[in-house]
Each structure stands twice: as structure tokens, then as C-alpha cells.
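The structure appears below as C-alpha cells.
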Ligand code: UDP
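Numbering (our numbering), first residue to last: 19 to 344.
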């Protein structure tokens, strides 16, 4: 297929773009490089640099080799929860306004398929775990709210305009795919922060609360390998049906506490990784674990790399590779 990958210079976008190129698709990455990296665009993909809202129409209108695009995978977004609370305007414009422009461009140019990068943050504080897709959506921050708004817009476009759409709600994405991995200027995620300690770039890691109602008192999350996530996107492209909007959670279905992640990182890196207990972080639910049964049933998706040591090991190899470049 001829595919446009927005945000394909970012973490999940670059890994998916690499998988798509490897699978033989014709890939164009569109990215403004605000948080992504030019060298994360995989070899074999075309690259269009610019603001999504401004150039999506031109890129889709131009097509590839005289033919129109068969689909869009939409990763481009702002994704920092704390920033979204402090500066919501960035999320309503950067996520919602741009996505609406993309949907309009797709409609104008008759692009039939869309796979959207949604999030567990659309659910907010869960009433039940594991979280299923029919759980109430009550996001607790503008980041989750902006992604939920886009999910609603996609659903209505799918029904009204016949687009075949799938939203994939990621839980905690982790790991790396060779030289493609997590490289944020401002790092807030647990595993990369812990690995920065192991790499000598930080003194210690703060554990945000050790008095949560969980077995060891630290928060439990569902870490899903970025390669498994990419596999789900390829399956979603194949299973998307015109006029329908499928929504699927993507997690490994297993929960690991912050302490368990720390232990796995110590075992993988051989570094003691000092940890300091810190106050709870605003907006953190105690436990977030996905039910991915719907993705298994509808897409045939089964995560392959659910072992925490494997996930951390791939992220650590990526961290060491980055260090070898500086
Ligand atoms: N966390 C932590 N210290 C850090 C970063 C994260 O204790 O420096 C905890 C955080 O409170 C949460 C878990 O690790 O319980 C995963 O956080 P992350 O930011 O990686 O993902 P989130 O679950 O917020 O999407």
C-alpha cells in the first residue's frame, strides 16, 4: 500500500514506519521535527517536513508515483501529560486541530484508510482492571481528552464518509526496534529515565509514591513492546472496514510495578540504579492494565515480547547505541 505516516520521525511512528517499509509498503513520513528526529526516518521511506495542518492536503493530493494514497497512519501528536495540564492550548491545537485538518485532507483526496495512535489516557481512572474498550472514557488531563476528541471525530468521519478507521489505544509503550527507540528532549517515562541512571546520565530515579494500594506500594502499568505495537498497526491496516471505526486496546495484559521495572533494569544493566521515594505524581492512577482481548479477536493480534527483561533489554541496547554516537 501507499501509506502516509504522520509523526514518523518520532518514537512509535519511526518503529512503525520501519516495519511498514520492511513489509514492502511505500511509505512517506510527514513530520515537523518538533520532537522527532530526521535520522529516525527509516531508509526507504520518503520524507516530507512540515506542519501537518498546512501540508497534509498537498502531500495527499500529490500522491505517490501518479497514484493516490491507500491509507494514513497518524502518530503526530503532543504527548506529555504534565505539559497538557499546564498548556492545554498546545494540545487542542496541536492534536485536535491538526487531526481535523488531516481528516479533511483525507476526505478531499479520497484516502480510504486511517490507523490512529490513541491512548489509555482516554479512559482516565479505571473502575475495573483489566480495562476493556467499553469502559467509561473520562480522561483526567487535556492530553487524554484531546485524543478522545479525535477518536470521536474519526468515528463520525468513518460513518459519514466511509473511511475504514481503527484507533489503537496504547498502554505503556516501551522497548526499541534496533536503532529506532525513545529519544525525547524532555524524558518523563519510567524505563528511559531508569536507563539514564544506568548510563550515568542521572544520579537516581524518583519513585512517585510507595503507598499505593498495590502489592508493593508502587504503581502498576502494562508495558507493551513497541515491535508488538507496530505489528498491531499492520494488522489494523488489513482489517479496517469501510464505514467502520474499530477501537482496540494494546497492552501485554500483565502489570508490572515501578519496583519490578527497577529490578528488571538492574538485572539487565548490572547497575545498582539508586531509587528515591518521592511524592505521588498528580493524575497517576494506581493500576493501569489493558484487556487486549478485542484486538486479539478482531485483528488476530497477540503480543510476542511480553517479558519485561526482553523489553528493557531492547531499550538498553538502544540507549547504549545512542551513547556510542556521542
Ligand atoms: N514513574 C516514577 N518515576 C519516574 C517516572 C515514572 O515512579 O521518574 C512512575 C509513574 O508514576 C507511573 C509509572 O512510573 O506509575 C509509569 O510512568 P510513565 O511516565 O512511564 O508512564 P504513564 O503510566 O504515566 O503513561
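Yeah, the Cβ is synthetic: ideal placement off N, Cα and C, and Gly gets one too.
Query raised in the report: Looking at C-beta atoms only, is the number of pairs between the segment 266 to 279 and the segment 40 to 58 that lie closer than 8 Å three or more?
Result: Because the criterion of three Cβ pairs below 8 Å is not met, the segment 266 to 279 and the segment 40 to 58 do not touch.
Query raised in the report: What residue ranges within the segment 224 to 310 form continuous beta strand (DSSP E) runs of no fewer than 3 residues, ordered along the chain?
Result: Listed in chain order, the complete beta strand (DSSP E) runs (minimum 3 residues) inside the segment 224 to 310 are 241 to 243, 263 to 268, 293 to 296.
Requested in this report: Please confirm if the segment 103 to 120 is in contact with the segment 205 to 213, defined as three or more CB-CB distances below 8 Å between the two stretches.
Outcome: By the Cβ test, the segment 103 to 120 is not in contact with the segment 205 to 213, since fewer than three Cβ pairs between them sit closer than 8 Å.
Query raised in the report: What three-state label does DSSP hand residue 194 in the structure shown?
Result: One-based indexing of the chain shown puts residue 194 at position 176. The answer is coil: DSSP assigns residue 194 none of H, G, I, E or B.
Report task. Ignore the nearest five residues each way along the sequence and tell me which others in residue 115's own chain have a CB closer than 8 Å to its CB. Result -> As a working note, residue 115 is residue 97 in the chain shown. Cβ neighbours of residue 115 within its own chain (closer than 8 Å, five residues either side excluded): 71.
Requested in this report: Grab the span of the alpha helix (DSSP H) containing residue 342 for me, first residue to last.
Outcome: On the chain shown, position 324 is the one that residue 342 refers to. The continuous alpha helix (DSSP H) containing residue 342 extends over residues 326 to 343.
**Report entry** Those residues which DSSP pairs with residue 65 across a bridge
**Finding:** Position 47 of the chain shown, counted from the first residue, corresponds to residue 65. DSSP, once it has assigned bridges, lists 47 as partnering residue 65.
Report task. Step through the CB atoms of chain B and report whether any lies within less than 8 Å of the CB of residue 126. Result -> Annotation note: the requested chain B is absent from the structure, which comprises a single protein chain.
Query raised in the report: What's the C-alpha gap between residue 185 and residue 98?
Result: Position 167 of the chain shown, counted from the first residue, corresponds to residue 185. Position 80 of the chain shown, counted from the first residue, corresponds to residue 98. Cα to Cα, residue 185 sits roughly 19 Å from residue 98.
Query - Element boundaries [beta strand (DSSP E), containing residue 7] - result: Coverage of the chain is limited to positions 19 through 344, which leaves residue 7 absent and any answer about it impossible.
Query raised in the report: Looking at the structure shown, is residue 41 part of a helix, part of a strand, or coil, going by DSSP?
Result: Here residue 41 corresponds to residue number 23 of the chain shown, with the count starting at 1. DSSP places residue 41 in coil when its eight states are reduced to three.
Report task. Within its chain, find whatever has a CB closer than 7 Å to the CB of residue 78; leave out the 5 residues flanking it on each side and keep chain order. Result -> For this step, residue 78 is matched to residue 60 along the chain shown. The beta carbon of residue 78 sits closer than 7 Å to the beta carbons of 22, 87, 123, 124, 127, 129 from its chain, once the five residues preceding and following it are set aside; these are given in chain order.
Requested in this report: Could you spell out the range, first to last residue, of the beta strand (DSSP E) harbouring residue 20?
Outcome: The residue labelled residue 20 in the question sits at position 2 within the chain shown. Annotation: the continuous beta strand (DSSP E) that includes residue 20 extends over 20 to 24.
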